[in-house]
Amino acid sequence: MEYFLTVGQQVLILFVLILCGYALGKGKVIGDTGAKAMSDVTLLLASPCVIALSFEREFSWTVVRELGMALLLGVGIHLVAIGLAQALYRKDAPRDRVLRMATVLSNAGFMGLPLQQAVLGGDGVFYGAAYVTAFNLTLWTYGLMTMDRSSTRISARKILINPGVIGLVAGVVILVLPVQLPPLIRTPVAHLAALNTPVPMLFIGYSLSKVQLGKILRDKTYYIACAIRLLAVPAITVGMLYLVGVRDTLLLSMAISASAPVAAAVSMFAGKYEQDTETAVNLVALSTVFSVVTMPVFVSLVKLIA
0 MEYFLTVGQQ VLILFVLILC GYALGKGKVI GDTGAKAMSD VTLLLASPCV IALSFEREFS
60 WTVVRELGMA LLLGVGIHLV AIGLAQALYR KDAPRDRVLR MATVLSNAGF MGLPLQQAVL
120 GGDGVFYGAA YVTAFNLTLW TYGLMTMDRS STRISARKIL INPGVIGLVA GVVILVLPVQ
180 LPPLIRTPVA HLAALNTPVP MLFIGYSLSK VQLGKILRDK TYYIACAIRL LAVPAITVGM
240 LYLVGVRDTL LLSMAISASA PVAAAVSMFA GKYEQDTETA VNLVALSTVF SVVTMPVFVS
300 LVKLIA
C-alpha cells in the first residue's frame, strides 16, 4: 500500500502538470507553435540529457552487462507487442495502422522517464534509457514502415541518429570516462535534464485540450485499444520477464516503460504521413487520462513480486 501511494502520488504530480498544460491550451496561452517547441525541447534536449546523466556511475563490466540486458529486454518487449498488434489489427487501413502503432509504442520517454526518476532514481532512468533506445529503433523501423506507405526501405540514418540513441551514446561516454564531468558541462546538462518532467507534461496537457473527450468516450474501439496498451501489453511484458528471472529495479523500470500510455509519436507520425490523425490524437489523450489510474495500480502490483 505504501508503494502504491508513492507511485500514485508521483503520477498525480505529473497529472497536475498535465492539467496546467490543459488550462494553458484552453486559455489559448499556448498555441500549436508553442506546443511543437515544447515537444522539440523535450525530444532534442531534455530527454537526452536525462539519459546521459543516468550513466554517471562507476564503470564496471557488471554495469555494461546490465545495460546490454536492459536493451535486449526492451527490444524483446517491442517484438512481442508487434506480434500482438499484427494479430489484432490485420486490415491495411489508416485506422488499423494507427491502432497497431498505439499497441506497440508507449510514451516511455515523456511519461516513463519522469516516473522512473521519481520512484526509482538514477538506476530506474538508466534502465529506462535502454528501453527508450529500443523504442526509437522500433519507431524508425516498424513505425515508419507502418505509417509511410511510400517507404520501401528503412533509413539507417534515422535509426542511428535520433535523440534517444544520441543520449545513450553520450551516457556511455560518460560511463567510461575516468573523470567526472566538470561543472561547466554538468551544470547546464543538469538544468536541461530538469525540464524533462514539466515540459512534456505541459505538452500532453495541451494535446488533451484539443480533443473532444465526450465524442471519444462513445466509441468502444478506444476502450479496447487503451485496455490493450495499458493492461494487456504490460501484463504480457511482466509475465515474460518474470519467467526469465528478471527482478527488482530492472523489472520495475521495464514495467513502468511498458505500462505508459500511447506514445505522442503515434500522433506525430499519423499527421506527418497522412494517416488517421484523429484516432491517433484521441488514443494518446484517452490513454493518458486512464494511465493516471492504471500505472500506479499496475506498478504497485509488480512491486509485490519484484
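Position 44 (the sequence shown) corresponds to 43 in numbering that gives the first Met the number 0; numbering is contiguous. Even glycine gets a Cβ: it sits at the ideal position worked out from N, Cα and C.
Put simply, of LEU16, PRO113, MET100 the residue whose alpha carbon is nearest the alpha carbon of LEU87 is MET100. In the displayed model, VAL245 falls within coil according to three-state DSSP, outside both helix and strand. The same chain holds no residue with a CB closer than 6 Å to that of VAL63 once the five nearest residues on each side in sequence are set aside. By the criterion of at least three beta-carbon pairs nearer than 8 Å, the segment 121-130 is in contact with the segment 249-265. Taking the Cα of SER105 as reference, the smallest distance to any Cα among GLY73, LEU119, GLY121 is reached at GLY73.
For TRP60, the enclosing alpha helix (DSSP H) starts and ends at 60-87. Rounded to the nearest whole angstrom, the C-alpha separation of ILE215 and ARG94 is 14 Å. Residue pairing for VAL261: DSSP places it in a beta bridge opposite SER105.
VAL210 carries a coil assignment under DSSP once its states are collapsed to helix, strand and coil. Judged by DSSP secondary structure, LEU114 falls within the alpha helix (DSSP H) whose first and last residues are 112-118. For the set ALA45, LEU52, LEU191, the Cα lying nearest the Cα of ILE173 is the one of LEU52.
Inter-residue distance for PRO260 and ARG246 is about 23 Å (C-alpha atoms, whole angstroms). With contacts defined by Cβ atoms closer than 7 Å, VAL10 and MET200 do not form a contacting pair. ARG156 sits exposed, since fewer than 16 C-beta atoms from the chains shown fall within 10 Å of its C-beta. Distance from GLN274 to VAL103 at the Cβ level is roughly 15 Å; contact not present, criterion being Cβ atoms closer than 8 Å.
Excluding its 5 nearest sequence neighbours in each direction, LYS302 has C-beta neighbours in its own chain below 6 Å: TYR2, listed in chain order.
Contact annotation, GLY204 with GLY24: C-beta distance approximately 6 Å; criterion of less than 8 Å satisfied.
In this structure, DSSP gives ARG156 a helical state, which the three-state scheme calls helix. The C-beta distance from VAL6 to VAL118 rounds to 6 Å, short enough to meet the 8 Å contact threshold. The criterion of a C-beta distance shorter than 7 Å is not satisfied by VAL280 and SER299. For SER286, the secondary structure class from DSSP, reduced to helix, strand or coil, is helix. Scanning GLY33, ALA262, LEU249, PHE297 for the CA closest to the CA of LEU70 turns up LEU249.
For ASN135, the closest of PHE268, VAL283, ALA305, THR287 by C-alpha to C-alpha distance is PHE268. The continuous stretches of alpha helix (DSSP H) do not include ASN195, and DSSP gives it neither H nor E. Taken through DSSP and simplified to helix, strand or coil, PRO181 comes out as coil.
Secondary structure note for ASP122: its alpha helix (DSSP H) is the uninterrupted segment 121-137. About 5 Å separates the beta carbons of VAL198 and MET37, which is inside the 8 Å limit, making them a contact pair. For LEU52, the enclosing alpha helix (DSSP H) begins and ends at 46-52.
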